[in-house]
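Student: One structure, as structure tokens, below. Some questions next.
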Amino acid sequence: MAVEIDRSKLSPMMQQYLAVKDASGDAIVFFRLGDFYEMFFDDAILVSKLLELTLTGRDCGLPTRAPMCGVPYHSVEQYLKRLVNLGYRVAICEQMEDPALAKGLVERGVIRVVTPGTLIESSMLDESNCNYLAAVWSRDEEIAFCAADISTGAVNLHKLEGKSRTDDLISLIDRYHPSELLITKDFLDYKPVADFLKTRTTCMVTLRDDDCFSVNNQRETVLKQCGADSFKALGLSENGADAAVCCGLFQYIAETQRAIVGRFTEITVHGKDGVMGLDSNARRNLELTETLRSHEKKGSLLGVLDKTETAMGRRMLRTWIEQPLTQPVRIMDRLNAVELLMKNSVAMTELRSLLDQVFDLERLMSRVMFQKATPRDMKALSQTALQLPAIKEQLRTLTQSKLLTKLEADISPLTEISDLIERALVDEPPLLIKDGGVIRDGFHQELDALRHAMNHGADLITEIESRERERTGSKNLKTGYNRVFGYY
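Reading the sequence shown from the start, the letters are residues 96 to 583 in our numbering.
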């Protein structure tokens with residue numbers, strides 16, 4: 096607080112707000128009140144300027160009203176996106192019980208902290224780019240760098256050793272373009288890294304305590320997030336820099352998401368993995384993904400090659416261009432696959448047509464696992480799954496390519512999932528679950544009965560009246576209603 100106040104004189108709700116604010120560190124608190132997320136005191140003054148909102152006031156128990164501004168809950172994502180793009184963290188504080196049923200003050204709690212590196216909403220992400228949260232840790236003569244995209248579940252780990260490890264770290268930061276970097280103060284005090292972060296990147300730098308990287312404290316968090324029973328199963332050492340950096344990264348994900356969901360099933364450990372090392376200057380001068388002068392995709396190598404049909408394909412192509420292969424066998428596998436597709440124009444045309452109907456499955460699955468999926472997300476998941484059998488069928492005609500044969504074998508048709516969703520959801524579901532009308536009539540017997548009661552309540556009351564008149568023999572029996580007892 097910029098100005099000290101006597102908290103004992105505040106209203107209970109405002110004391111609740113400040114308790115949440117104190118526990119949220121430097122994050123702006125979006126405090127749910129009815130149909131709005133409200134901000135008070137310093138947050139209200141700041142956000143009203145940043146987002147050009149009207150600054151009002153609210154009685155709070157003090158002689159002067161508390162500064163206040165707010166945004167509608169149904170359009171909150173557009174405001175979150177603007178604040179995150181400006182480099183702010185936002186704590187979402189929700190009502191944890193129905194206000195109509197609450198006895199006294201409504202219970203509230205932070206359900207998530209939104210930061211640049213932890214976004215999963217499609218409206219807040221660029222579908223063509225990965226959105227990496229990265230972490231760095233150093234131990235003895237080794238540096239470990241880990242980058243995870245929680246919107247897709249991808250995790251990449253690099254272990255750097257030798258005299259060039261600092262330069263290699265800077266190259267990795269430039270390669271992955273993380274939206275947010277978790278780092279300790281010791282690293283930020285290291286001039287080469289600090290200078291690069293200040294002058295050559297736009298990522299949010301989040302300072303973390305050494306305890307966040309403690310293997311002893313965070314081991315279980317990593318194992319639960321990855322659904323593994325040991326570090327060895329994940330390709331990690333028991334107590335090295337690689338284990339510590341993963342601890343720091345997954346602890347932050349659990350802290351901000353307020354959940355451990357097992358989304359990350361694999362950690363890709365990179366070593367001498369046949370990928371060409373390019374420093375930041377080489378990447379820019381080669382104009383791999385953007386031009387040197389205008390910083391646009393058009394005119395770059397990516398702009399020339401990108402004929403992809405899906406968001407997943409666009410992200411993969413960008414990764415392949417930024418990390419060119421050096422192993423002849425892997426290069427030839429890709430070239431053979433491309434050549435085979437070019438020679439089989441019918442199969443290629445059919446695959447492009449099928450892929451055009453595929454949604455962003457990677458990010459859809461993340462929203463499902465973080466329980467952020469909307470009814471339309473589920474419908475998109477089903478529509479994507481419906482294309483998979485036909486895609487597999489086309490790939491089976493291209494057996495001369497080892498790469499395409501493996502791809503066909505790796506694709507699961509997800510038939511049970513698509514069948515369930517198609518049976519359960521209406522053809523055109525609403526945007527939000529709260530809007531209702533998500534589940535088809537006939538899918539769930541109890542739901543059908545409740546809907547009938549809701550839509551035909553008057554008829555049901557009339558039926559009860561008739562039944563009770565007949566049972567009691569009283570022709571004058573009628574039902575009544577008041578707010579205290581309800582129907583009687």
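Quick reminder that beta carbons are idealized off the backbone N, C-alpha and C, glycines included.
Report the three-state DSSP secondary structure of GLY204 (helix, strand or coil).
Tutor: In the structure shown, GLY204 sits in a strand (DSSP, three-state: E or B).
Student: Decide if PRO167 is buried, meaning its Cβ has at least 16 other Cβ atoms within 10 Å, or exposed.
Tutor: The residue in question, PRO167, is exposed, as its Cβ has fewer than 16 Cβ neighbours within 10 Å.
Student: Closest to ASP436 by CA distance: which of LEU459, ALA553 and THR500 is it?
Tutor: Inspection of the sequence shows that residue 436 is occupied by Leu rather than by Asp. Comparing Cα positions, the closest option is THR500.
Student: If distances are taken between C-alpha atoms only, which option among GLU172, ILE206 and TYR112 comes closest to LEU200?
Tutor: Among GLU172, ILE206 and TYR112, the Cα nearest to that of LEU200 is on TYR112.
Student: Thinking just about the alpha-carbon of each residue, which of VAL579, THR557, ASP284 and PHE580 is nearest to the one in LEU572?
Tutor: Of the candidates VAL579, THR557, ASP284 and PHE580, the one whose C-alpha sits nearest the C-alpha of LEU572 is THR557.
Student: Roughly how many angstroms lie between the CA atoms of GLU396 and ASP530, to the nearest whole one?
Tutor: The amino acid at residue 396 is misidentified as Glu; the sequence shows Leu. LEU396 and ASP530: Cα-Cα distance of roughly 45 Å.
Student: Which runs of the alpha helix (DSSP H), 4 residues or longer, sit entirely within the segment 471-516?
Tutor: Listed in chain order, the complete alpha helix (DSSP H) runs (minimum 4 residues) inside the segment 471-516 are 497-505.
Student: Can you check DSSP and say which residues form a bridge with GLU189?
Tutor: DSSP lists GLY204 as partners of GLU189.
Student: What does ASN251 pair with, by DSSP beta-bridge criteria?
Tutor: Paired residue(s): ALA242 and THR363.
Student: Taking the DSSP output, what are the residues bridged to ASN577?
Tutor: Paired residues: GLY581.
Student: Provide the residue span of the alpha helix (DSSP H) that contains ARG413, from first to last.
Tutor: Segment 406-417, the alpha helix (DSSP H) holding ARG413.
Student: Just to confirm, are MET299 and LEU276 a CB contact at a threshold of 9 Å?
Tutor: Result yes, Cβ atoms of MET299 and LEU276 sit closer than 9 Å.
Student: Under 8 Å Cβ to Cβ from ASP374, same chain only, skipping five residues before and after it: list those, please.
Tutor: ASP262, ILE265, SER266 and ASP269, listed in sequence order.
Student: In terms of DSSP beta bridges, what is ALA349 paired with?
Tutor: Answer is none; ALA349 lacks a bridge partner.
Student: Pairing CB atoms from the segment 221-231 with CB atoms from the segment 354-370, are three or more of them under 8 Å?
Tutor: Flag = no, the segment 221-231 and the segment 354-370 do not touch.
Student: Does the segment 152-169 touch the segment 177-184, meaning 3 or more C-beta pairs lie closer than 8 Å?
Tutor: The segment 177-184 is not in contact with the segment 152-169.
Student: Count the other C-beta atoms from every protein chain shown that fall within 10 angstroms of the C-beta of TYR271, then say buried if there are 16 or more, exposed otherwise.
Tutor: TYR271 is buried by the Cβ-count criterion.
Student: What separation, rounded to the nearest whole angstrom, lies between the Cα atoms of SER274 and TYR576?
Tutor: Taking the straight line from one Cα to the other gives about 58 Å.
Student: Contact check, THR163 vs PHE125 under 8 Å by CB: the rounded distance?
Tutor: First, the residue type needs correcting, since residue 163 is Met and not Thr in the sequence shown. Not a contact, Cβ separation roughly 12 Å.
Student: In its own chain, which residues sit with a C-beta less than 7 Å from the C-beta of LYS116, not counting the 5 before and 5 after it?
Tutor: Excluding positions up to five away in sequence, the list reads VAL124.
Student: Pull up the DSSP beta-bridge partners for MET134, would you.
Tutor: Answer by DSSP bridge pairing, in chain order: CYS164.
Student: I'd like to check one pair, ASP543 with ASP554: are the Cβ atoms closer than 9 Å?
Tutor: Their beta carbons are not under 9 Å apart, which means ASP554 does not touch ASP543 by this criterion.
Student: Specify, as a first and last residue, the run of the beta strand (DSSP E) that VAL231 falls within.
Tutor: Start and end: 228-234.
Student: Please name the residue or residues paired with LEU277 in a DSSP beta bridge.
Tutor: ALA230 and THR301.
Student: Is the number of C-beta pairs between the segment 448-457 and the segment 414-425 that are closer than 8 Å three or more?
Tutor: As far as the Cβ criterion goes, the segment 448-457 does not touch the segment 414-425, which means the pair count is below three.
Student: Using a threshold of 9 Å, state whether the C-beta atoms of PRO470 and LEU526 are closer than that.
Tutor: Going by C-beta atoms, PRO470 is nearer than 9 Å to LEU526.
Student: Under a three-way DSSP split, which group does PHE291 fall into?
Tutor: Here PHE291 sits in helix by DSSP.
Student: Under a three-way DSSP split, which group does GLU216 fall into?
Tutor: Note: GLU216 maps to coil in three-state DSSP.
Student: Determine the extent of the beta strand (DSSP E) in which VAL171 is found, giving its start and end residues.
Tutor: No beta strand (DSSP E) contains VAL171, which is instead part of the alpha helix (DSSP H) from 171-180.
Student: Check the DSSP bridge columns for GLU256 and list the partner residues they point to.
Tutor: Bridge partners of GLU256: GLU237.
Student: Take LEU446 and list the residues in its own chain whose beta-carbon comes closer than 6 Å to its own, dropping the five residues that flank it on each side.
Tutor: For LEU446, where only same-chain residues beyond five positions count, the Cβ hits under 6 Å are GLN489.
Student: For the segment 307-315 against the segment 333-347, do three or more pairs of beta-carbon atoms, one drawn from each stretch, fall closer than 8 Å, so that the two count as touching?
Tutor: Yes, the segment 307-315 is in contact with the segment 333-347.
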